[in-house]
Amino acid sequence: MDLNKITRENIKKLKAYSSARDEFQGKAEVYLDANENSLGSPLTKWYNRYPDPHQVALKEAISAIKQVPASQIFIGHGSDECIDLLYRSFCEPGKSNVIVCPPTYGMYEVSAGINDIEMREAPLTRAFQLDVEKIESLVDDDTRIIWICSPNNPTGNSMKYSDVELLLNNFGGLVVVDEAYINFSRQRSLTGELKDYDNLVVMQTFSKAWGLAGLRLGMAFASEGIVSILDKVKPPYNINQPTQELALKALQEVGQVNDMIQEIVAMRDELVDVLEQMPLIEKVYPSDANFILAKVRNATDVYHFLVKQGIIVRNRSNVQWAGDCLRITVGTETENTRLVDAFIAFMKQFKTASHSN
Ligand SMILES: *Cc1c(COP(=O)(O)O)cnc(C)c1O
10 MDLNKITREN
20 IKKLKAYSSA
30 RDEFQGKAEV
40 YLDANENSLG
50 SPLTKWYNRY
60 PDPHQVALKE
70 AISAIKQVPA
80 SQIFIGHGSD
90 ECIDLLYRSF
100 CEPGKSNVIV
110 CPPTYGMYEV
120 SAGINDIEMR
130 EAPLTRAFQL
140 DVEKIESLVD
150 DDTRIIWICS
160 PNNPTGNSMK
170 YSDVELLLNN
180 FGGLVVVDEA
190 YINFSRQRSL
200 TGELKDYDNL
210 VVMQTFSKAW
220 GLAGLRLGMA
230 FASEGIVSIL
240 DKVKPPYNIN
250 QPTQELALKA
260 LQEVGQVNDM
270 IQEIVAMRDE
280 LVDVLEQMPL
290 IEKVYPSDAN
300 FILAKVRNAT
310 DVYHFLVKQG
320 IIVRNRSNVQ
330 WAGDCLRITV
340 GTETENTRLV
350 DAFIAFMKQF
360 KTASHSN
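This is the structure:
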């Protein structure tokens, strides 16, 4: 892939902002270079200083766990920032187009709209797999990104590697694989393929398996060339100091995270078993994620019933191929039990109602 060919014109010419912490990176005793408050802050003294714009320590810790060189890691304010930066770096507003495969994560479309980029749709097949032929038929000279979500939100399944590899081999733009749910999947991450494909971008996040959605921290793994362009375009201090510290701390607890992943996967499989027994549930789609997609009779009625019980799930009943579907996050043991009880209560109420008619 010719990176120069797909990089936006103004970004090619852009000279990155050079922050105070860029110009001097060593250790000093007196910092009078960034107009911070030298007296401290109402909180702890530490936060009066700007954070590391390059997140060096954090990238080294991620590199060790993910087996990806630090120079191939970009860190964003959530994956959502990575998505936006990919548009702003590689797509020309009013000219470029991208391909998405619905039903899928909504931010690819929203971000395309914000950046005035045409979005072309290649719906997943009935089996929720990529329609490679359709994707290829939509590609033209102005196609810059193919968005692939695997495991996919909201369907929960992983995409076939052979299909993704076909696209990587034949497409001259970026193939972005969003692996937000990869830790819950039977499939391995595509980060291992970065060596072989310079048009591959793999996104992961701290928001799901790592349990840190509140921090807003996302990762993009890609070639050094792609990462250095994203670095140039991002706001200099996009990851704040407390977030960098907390994420570093969390990264030392991989064992605990792996235990949680195992527990969630076990509870997911249990929940699937229970739901599949219920007459109300028409189908539970196989899940590689920490949520399940279930086809439910009278999905919208059930949704509102659950809300009244204080239980919020995601109503996906108006989504293509996912009609009458609810997307349900795997909760704690107690929460899952409450959900199942609420389904039972709905069925009882429905029975009573139909008797009285
Ligand atoms: C939850 C989710 C993300 C996470 O986004 P963050 O901005 O990192 O919280 C990314 N992609 C998909 C498909 C998701 O479902």
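The C-terminal residue of the sequence shown carries number 366 in the working numbering, and the numbering is unbroken.
Ideal Cβ positions, reconstructed from N, Cα and C, are used throughout, including at glycine.
Here residue 179 is not near residue 10, since their CB atoms are 8 Å or more apart.
Counting only the Cα atoms, residue 109 lies some 6 Å from residue 129.
Look at which beta carbons fall closer than 5 Å to any heavy atom of ligand 1; those residues are 87, 88, 89, 114, 158, 162, 187, 189, 214, 216 and 227.
The closest CA to that of residue 202, considering only 174, 300 and 68, is found on 174. Residues of the same chain with a CB within less than 6 Å of the CB of residue 336, apart from the 5 flanking positions on each side, are 163, 300, 302, 323 and 325 in chain order.
Around the beta carbon of residue 49, fewer than 16 other beta carbons sit within 10 angstroms, so the residue counts as exposed.
Pairing residue 169 with residue 229, the inter-Cα distance amounts to about 21 Å.
The beta carbon of residue 32 lies closer than 8 Å to those of 42 in the same chain, with the five residues before and after it left out.
Nearest C-alpha to residue 81 among 69, 259 and 90: 69. In the DSSP assignment, residue 271 falls within the unbroken alpha helix (DSSP H) covering 263 to 285. If the five residues before and after residue 121 are omitted, its C-beta is found closer than 7 Å to the C-beta atoms of 96, 107 and 128, all from its own chain and listed in chain order. The three-state secondary structure of residue 24, taken from DSSP, is coil. Annotation for residue 268: no residue places its beta carbon closer than 8 Å to its own, counting only its chain and skipping 5 residues before and after.
With a threshold of 16 other beta carbon atoms within 10 Å, residue 211 meets it and is buried. Contact between the segment 218 to 225 and the segment 254 to 270 is established, with three or more Cβ pairs separated by less than 8 Å. The Cβ-Cβ distance between residue 30 and residue 59 falls below 8 Å. In the three-state DSSP reduction, residue 215 falls in the coil class, being neither helix nor strand. In the three-state reduction of the DSSP assignment, residue 177 falls in the helix class, which pools H, G and I. Rounded to the nearest angstrom, the Cβ distance from residue 67 to residue 92 is 20 Å, too far for a contact under 8 Å. If you look at residue 337, you'll find it in the beta strand (DSSP E) that goes 334 to 338. Residue burial annotation: residue 186 is buried, with at least 16 other C-beta atoms found within 10 angstroms of its C-beta. Secondary structure note for residue 158: its beta strand (DSSP E) is the uninterrupted segment 152 to 158. Here residue 195 really is in contact with residue 297; their C-beta atoms are around 6 Å apart, less than 8 Å. Between the segment 307 to 323 and the segment 349 to 357 there are three or more inter-stretch CB-CB distances shorter than 8 Å, so the stretches are counted as touching.
Residue 308 is positioned such that its CB atom lies no closer than 8 Å to that of residue 282. Spatial neighbours of residue 213 in its own chain (CB-CB distance under 6 Å, excluding positions within 5 residues in sequence) are listed in chain order as 188 and 228. Just so you know, the alpha carbons of residue 198 and residue 328 end up roughly 27 Å apart. Here residue 126 has 96, 100, 102, 105, 106 and 107 as same chain residues with Cβ atoms under 7 Å from its own Cβ, once five neighbours each way along the sequence are excluded. Listed in chain order, the alpha helix (DSSP H) elements of length 4 or more contained wholly in the segment 123 to 150 are 141 to 147. For residue 289, there is no enclosing alpha helix (DSSP H), as DSSP gives it neither H nor E.
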